[in-house]
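> Numbering (the numbering used here), first residue to last: 28 to 144.
We treat Cβ as the ideally placed atom computed from N, Cα and C, and that holds for glycine.
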Amino acid sequence: MRPIEFLFVVALLLYSYVIWWHKIKCQLKLWMVVLFSIGLSADITGTFILCNIMNPANWKLNAHVASGFVSLLIMAEHFRWAVNAFRGKRKYERRFNRFSIRAWLLWLAAFASGFFI
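Here it is as C-alpha coordinates:
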(Lines of atoms letter the chains of each structure in order from A and count residues from 1; the text may use other names and numbers.)
(Lines give C-alpha, C1' and ligand atoms only; values in the text may rest on other atoms or scores of the structure.)
Protein backbone atom coordinates (compact mmCIF):
# COMPACT_ATOMS: atom_id res chain seq x y z
CA MET A 1 0.00 0.00 0.00
CA ARG A 2 1.36 3.39 -0.96
CA PRO A 3 1.52 6.09 1.74
CA ILE A 4 -1.14 8.14 -0.01
CA GLU A 5 -3.54 5.20 0.10
CA PHE A 6 -2.71 4.68 3.76
CA LEU A 7 -4.01 8.18 4.57
CA PHE A 8 -7.39 7.40 3.03
CA VAL A 9 -7.59 4.04 4.80
CA VAL A 10 -6.84 5.79 8.11
CA ALA A 11 -9.65 8.25 7.35
CA LEU A 12 -11.99 5.36 6.50
CA LEU A 13 -11.21 3.49 9.72
CA LEU A 14 -11.49 6.53 11.98
CA TYR A 15 -14.65 7.91 10.35
CA SER A 16 -16.25 4.47 10.52
CA TYR A 17 -15.27 3.85 14.13
CA VAL A 18 -16.53 7.22 15.37
CA ILE A 19 -19.78 7.24 13.42
CA TRP A 20 -20.77 3.67 14.27
CA TRP A 21 -19.71 3.99 17.92
CA HIS A 22 -21.84 7.10 18.16
CA LYS A 23 -24.76 5.39 16.42
CA ILE A 24 -24.63 2.45 18.85
CA LYS A 25 -23.98 4.42 22.07
CA CYS A 26 -25.81 7.67 21.20
CA GLN A 27 -23.05 9.63 22.92
CA LEU A 28 -20.35 11.90 21.64
CA LYS A 29 -17.19 11.87 23.75
CA LEU A 30 -14.05 13.98 23.46
CA TRP A 31 -11.96 11.04 22.25
CA MET A 32 -14.45 10.54 19.42
CA VAL A 33 -14.12 14.17 18.33
CA VAL A 34 -10.33 13.80 18.45
CA LEU A 35 -10.42 10.63 16.32
CA PHE A 36 -12.80 12.33 13.89
CA SER A 37 -10.35 15.25 13.59
CA ILE A 38 -7.46 12.86 12.89
CA GLY A 39 -9.56 11.13 10.22
CA LEU A 40 -10.48 14.45 8.65
CA SER A 41 -6.83 15.55 8.75
CA ALA A 42 -5.76 12.34 7.02
CA ASP A 43 -8.47 12.83 4.39
CA ILE A 44 -7.50 16.46 3.75
CA THR A 45 -3.78 15.63 3.66
CA GLY A 46 -4.32 12.76 1.23
CA THR A 47 -6.51 14.89 -1.01
CA PHE A 48 -3.99 17.76 -0.94
CA ILE A 49 -1.10 15.45 -1.82
CA LEU A 50 -3.05 13.83 -4.66
CA CYS A 51 -3.98 17.22 -6.09
CA ASN A 52 -0.33 18.29 -6.01
CA ILE A 53 1.20 15.16 -7.53
CA MET A 54 -1.28 14.93 -10.37
CA ASN A 55 -0.18 16.55 -13.59
CA PRO A 56 -2.64 19.43 -14.10
CA ALA A 57 -2.76 18.66 -17.82
CA ASN A 58 -4.14 15.18 -17.01
CA TRP A 59 -6.51 16.34 -14.31
CA LYS A 60 -10.09 15.48 -15.24
CA LEU A 61 -13.30 16.20 -13.43
CA ASN A 62 -15.02 12.84 -13.14
CA ALA A 63 -17.52 11.27 -10.75
CA HIS A 64 -14.78 10.19 -8.33
CA VAL A 65 -13.19 13.64 -8.15
CA ALA A 66 -16.52 15.44 -7.79
CA SER A 67 -17.90 13.05 -5.18
CA GLY A 68 -14.57 13.09 -3.34
CA PHE A 69 -14.51 16.86 -2.98
CA VAL A 70 -18.19 17.04 -2.06
CA SER A 71 -17.84 14.29 0.54
CA LEU A 72 -14.71 15.94 1.98
CA LEU A 73 -16.65 19.19 2.42
CA ILE A 74 -19.54 17.28 3.99
CA MET A 75 -17.18 15.53 6.42
CA ALA A 76 -15.63 18.89 7.34
CA GLU A 77 -19.10 20.25 8.10
CA HIS A 78 -19.91 17.04 9.93
CA PHE A 79 -16.81 17.55 12.08
CA ARG A 80 -17.98 21.07 12.91
CA TRP A 81 -21.31 19.59 14.02
CA ALA A 82 -19.46 17.05 16.17
CA VAL A 83 -17.45 19.78 17.91
CA ASN A 84 -20.56 21.86 18.56
CA ALA A 85 -22.54 18.81 19.68
CA PHE A 86 -19.75 17.92 22.11
CA ARG A 87 -19.94 21.46 23.48
CA GLY A 88 -23.59 20.80 24.32
CA LYS A 89 -25.35 22.61 21.50
CA ARG A 90 -28.50 20.54 20.99
CA LYS A 91 -29.16 21.76 17.44
CA TYR A 92 -25.82 20.36 16.26
CA GLU A 93 -26.27 17.16 18.21
CA ARG A 94 -29.56 16.54 16.38
CA ARG A 95 -27.87 17.23 13.04
CA PHE A 96 -24.97 14.94 13.88
CA ASN A 97 -27.37 12.17 14.94
CA ARG A 98 -29.57 12.60 11.92
CA PHE A 99 -26.98 12.89 9.16
CA SER A 100 -23.90 10.97 10.35
CA ILE A 101 -24.68 7.69 8.57
CA ARG A 102 -25.67 9.52 5.38
CA ALA A 103 -22.47 11.57 5.40
CA TRP A 104 -20.42 8.43 6.04
CA LEU A 105 -22.17 6.53 3.20
CA LEU A 106 -21.52 9.37 0.76
CA TRP A 107 -17.87 9.48 1.80
CA LEU A 108 -17.66 5.69 1.51
CA ALA A 109 -19.09 5.82 -2.03
CA ALA A 110 -16.46 8.37 -3.03
CA PHE A 111 -13.75 6.23 -1.39
CA ALA A 112 -14.93 3.08 -3.19
CA SER A 113 -15.23 4.82 -6.56
CA GLY A 114 -11.46 5.31 -6.49
CA PHE A 115 -11.04 1.58 -7.05
CA PHE A 116 -12.84 1.78 -10.38
CA ILE A 117 -10.98 4.61 -12.09
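Quick check for students: name the residue ranges of the alpha helix (DSSP H) that lie wholly in the stretch 73-103, counting only runs of 4 or more.
Those alpha helix (DSSP H) runs which fall completely within the stretch 73-103 and span 4+ residues do not exist here.
> Where does M59 sit, in a helix, a strand or coil, going by DSSP?
helix
> Would you tell me roughly how many angstroms separate the C-alpha atoms of G66 and K50, rounded to the nearest one?
17 Å
> With 16 as the cutoff for other CB atoms within 10 Å, does G115 come out buried or exposed?
exposed
> Could you check if L55 is buried or exposed, using at least 16 other CB atoms within 10 Å of its CB as the buried criterion?
buried
> F75: which of L99, R122 and W58 sits nearest, CA to CA?
L99
> If you follow the alpha helix (DSSP H) that K116 is part of, which residue opens it and which one closes it?
It is not in any alpha helix (DSSP H) - K116 carries neither H nor E in the DSSP assignment.
> Just to confirm my understanding: we take L40, look at its own chain, exclude 5 residues before and 5 after, and list those with CB closer than 8 Å. What are they?
G66
> Taking 8 Å as the limit between beta carbons, can you name the residues of its chain near I64, skipping five residues before and five after?
The residue asked about is misnamed: residue 64 is Ser in this sequence, not Ile. Around S64: F106.
> Nearest to I71 by CA position, among F96, A137 and A130, is which residue?
F96
> Leaving out five residues on either side along the sequence, give the residues of the same chain with a beta carbon under 8 Å from the beta carbon of L34.
A69, D70, T72, G73 and I76
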